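Okay, so here's the structure we're looking at.
Numbering (mature numbering (1 follows the signal peptide of the UniProt record, and there is no 0)), first residue to last: -29 to -1, 1 to 115.
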């Protein structure tokens, strides 16, 4: 067996082993769900006309966590932040720790809630509240 034949045979053997152990997905197979997924938004005025900011969320369905990094400019210090459902505005995930110096991650979030947010991020928005604008100073619709 020459070098080219041995290399090709070794490659085929490796590919066969990988296929048998599930390391190689068949053509057309759906990619495995990633453990964590990131969503973000640009926060725009909803109450405070000068306010702005950003929100970056990392969602982990297996660990049931939603972690947030939220920045803001030109608003009074926030006292709350949430993910709301866009259709009715109901609070879905409390993110207050990310704006008050507490824990950045909401824990115990139902897997179904995380799955719904990931499936349709534009149906949800982040709302940042402060004492002057208790209904929300800045907000933004989530996207990938």
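Each residue gets a CB set at the ideal place from its N, CA and C atoms; glycine is no exception. These figures come from a predicted structure and were not determined experimentally.
Bridge partner(s) assigned by DSSP for residue i
| i | result |
| --- | --- |
| residue 50 | BP columns for residue 50 are empty, so no partner. |
| residue 10 | 28 |
| residue 23 | 44 |
| residue 5 | Answer is none; residue 5 lacks a bridge partner. |
| residue 39 | 28 |
| residue 16 | 109 |
Cβ neighbours of residue i in the same chain (closer than 8 Å, five flanking residues each side left out)
| i | result |
| --- | --- |
| residue 96 | 12, 54, 55, 57, 110, 111, 112, 113 |
| residue 89 | 8, 10, 30, 32 |
| residue 21 | 45, 46 |
| residue 79 | 35 |
| residue 84 | 63, 64 |
| residue 16 | 22, 23, 108, 109 |
Euclidean distance between Cα positions of residue i and residue j
| i | j | result |
| --- | --- | --- |
| residue 35 | residue 103 | 32 Å |
| residue 6 | residue 31 | 6 Å |
| residue 8 | residue 45 | 29 Å |
| residue 28 | residue 73 | 16 Å |
| residue 93 | residue 70 | 22 Å |
| residue 107 | residue 62 | 12 Å |
| residue 86 | residue 59 | 18 Å |
Segment limits, beta strand (DSSP E) that includes residue i
| i | result |
| --- | --- |
| residue 97 | 95 to 100 |
| residue 111 | 109 to 112 |
Cβ-based neighbour list, residue i, same chain, cut-off 7 Å, excluding 5 preceding and 5 following
| i | result |
| --- | --- |
| residue -13 | The pLDDT assigned to residue -13 is 42, lower than 50, so where the model puts this residue is not dependable, and the model offers no usable value. |
| residue 68 | 74, 75 |
| residue 125 | Nothing about residue 125 can be reported from this structure: the residues present for the chain run from -29 to 115 only. |
| residue 82 | 32, 35 |
| residue 101 | 46, 47, 48, 49, 50, 108 |
| residue 115 | 10, 92 |
| residue 18 | 104, 106, 107, 108 |
C-beta neighbour in chain D for residue i, strict 7 Å
| i | result |
| --- | --- |
| residue 25 | As a matter of chain content, chain D is missing from the structure shown, which is built from one protein chain. |
Residues of its chain near residue i, where Cβ-Cβ distance is below 6 Å and the 5 sequence neighbours each way are ignored
| i | result |
| --- | --- |
| residue 38 | 29, 75, 76 |
Problem set entry | alpha helix (DSSP H) runs contained entirely in the segment 57 to 93, provided each spans 4 or more residues | 68 to 71, 82 to 90
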